[in-house]
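Colleague:
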Amino acid sequence: SNIIIENNLVYAVRNDGIYVDSTHNATVRNNVVLGTAESEYHRYGNNSFVGPGLAINNEDYQFRDFGGSLTPDDMARDIKIYNNLVSGTAIGLAIWGQHPESSVRDVQIAHNTFVDNNVQLSVALANNSGIEIANNVFLTVANSGEDYKGASNADSIRFINNYWSQGQPDSRLRSQGDIYSGLVLSKMDGWRGVSSHLQVNWQDFVPRSGSGTIGAASPEIAVSIAGDHNGTRLNRPPDIGALANGTSGIAGISPPKSPFLRAIN
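First residue of the sequence shown? That's 1367 in the working numbering, and the numbers climb one at a time after it.
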């Protein structure tokens, strides 16, 4: 509990890039998580992907009824995930629920950019409350990918002003401020073909001028987020995604730092 995971570069992790499992009061921010074309890191047989980039879960073996020490009060809750850049993985963000009574409560997923993962967002959880998914980019580039795949209970999640690349999604995922077209990033191909972390950097995720996501985010959500992934101060209204158009980090502010943790890159 009480964890901040920030400013890391995670590349070619076979299982989960960053895994929040049965955790309270966790913040995951300003990270870059990348898949790889190197087959020795692929997790799913003939499917050429590493595991999810970001994942939230309650694995059953940790709980008393499965031999562990945790109680139902220890289910994942109070989690913030923002300003992350994720590409080339099996699932950009997975919300799981392995324990039969699994629940995820009070989670904010905001201002992230998910690009050309096999699935950008997957929800496979029977019980959840207080989940908010807002101001994110869900961009599928390859024909084989999907913006969303998951549970029929998504109507219990509050979706606000997201970018969906495959057109208007299921009514459970929609909001009045959604954007469905017009996003062009600095890099628009080759996300799944990288063989080194040096082949993708944060600048590749920056939206180009004229993109429909610019100024389209909900300012209500961004109140607690001072800057974008690279520390550029957010406009009002801000851009959808983890990076603002024209961001450089030179005249902006530095990303938040934890006084207790140091990033290991």
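The beta-carbon is built from N, C-alpha and C at its ideal position, and this holds for glycine as well.
Please state whether the Cβ-Cβ distance between N1373 and N1391 is less than 8 Å.
Modeller: Taking 8 Å as the Cβ cut-off, N1373 and N1391 do not qualify as a contacting pair.
Colleague: To the nearest whole angstrom, what separates the beta carbons of L1451 and W1568, a pair I think is in contact under 8 Å?
Modeller: Going by Cβ atoms, the distance from L1451 to W1568 rounds to 6 Å, so yes, they are a contact pair.
Colleague: Taking S1405 as the reference, which of V1416, V1399, R1395 has the closest Cα?
Modeller: For S1405, the nearest C-alpha among the options comes from V1416.
Colleague: Per the DSSP calculation, W1462 is bridged to which residue(s)?
Modeller: None; W1462 has no bridge partner.
Colleague: Report, in whole angstroms, the separation of the C-beta atoms of G1419 and L1459, which I expect to be a contact under 8 Å.
Modeller: Confirmed, Cβ separation roughly 7 Å.
Colleague: Helix, strand or coil: how does DSSP classify S1414 here?
Modeller: Reduced to three states, the DSSP call for S1414 is coil.
Colleague: Is M1441 closer than 8 Å to S1414 when the C-beta atoms are compared?
Modeller: Not in contact: S1414 and M1441 (Cβ atoms no closer than 8 Å).
Colleague: Excluding five sequence neighbours on each side, which residues of the same chain lie with their C-beta closer than 6 Å to the C-beta of V1376?
Modeller: G1383, V1399.
Colleague: Within a Cβ cutoff of 7 Å, which residues of the same chain sit near G1578, ignoring the five residues on either side of it in sequence?
Modeller: I1545, S1547, G1548, L1549.
Colleague: So what does DSSP say about R1599, is it helix, strand or coil?
Modeller: Strand.
Colleague: Assign Y1427 to one of three DSSP states: helix, strand, or coil.
Modeller: Correct three-state label for Y1427: helix.
Colleague: Residues in its own chain within less than 7 Å of T1506 by CB, not counting five upstream and five downstream?
Modeller: Same-chain partners within the cutoff: D1482, Q1486, E1512, D1513, S1531, Q1532.
Colleague: By the three-class DSSP mapping on this structure, what secondary structure does H1390 have?
Modeller: It is a strand residue.
Colleague: Between the Cα of L1539 and the Cα atoms of R1558, F1504, S1510, which residue gives the shortest distance?
Modeller: Residue F1504 is the option with its Cα nearest to L1539.
Colleague: Compute the beta-carbon to beta-carbon distance between R1574 and L1600, rounded to the nearest angstrom, for a pair I have assumed lies under 8 Å.
Modeller: With 8 Å as the limit, R1574 and L1600 do not qualify as a contact, their Cβ atoms being about 18 Å apart.
Colleague: Assuming N1527 and A1582 make a contact with CB atoms under 8 Å, what is their CB distance in whole Å?
Modeller: Contact holds; Cβ gap of about 6 Å.
Colleague: Look at the alpha carbon of G1516 and the alpha carbon of V1489, and state the distance between them as a whole number of angstroms.
Modeller: Answer to the nearest angstrom: the Cα atoms are 5 Å apart.
Colleague: Tell me the rounded alpha-carbon separation between Q1428 and L1564.
Modeller: Their backbone Cα atoms lie some 37 Å apart in a straight line.
Colleague: How would you call Q1534, buried or exposed, if buried means at least 16 neighbouring beta carbons within 10 angstroms?
Modeller: Exposed.
Colleague: The beta strand (DSSP E) spanning F1480 covers which residue range?
Modeller: Element bounds for F1480: 1479-1481.
Colleague: Please report how far the alpha carbon of I1445 lies from the alpha carbon of M1554, in whole angstroms.
Modeller: Rounded to the nearest angstrom, the two C-alpha atoms are 30 Å apart.
Colleague: Please tell me whether V1473 and G1496 are closer than 8 Å, where the distance is taken between their beta carbons.
Modeller: Their beta carbons are under 8 Å apart, which means V1473 touches G1496 by this criterion.
Colleague: Can you tell me the Cα-Cα spacing of G1615 and T1598, whole angstroms?
Modeller: The predicted position of G1615 is uncertain, since its pLDDT is 40 and thus under 50; a value taken from the coordinates is nonetheless stated next. Each residue's alpha carbon lies about 5 Å from the other.
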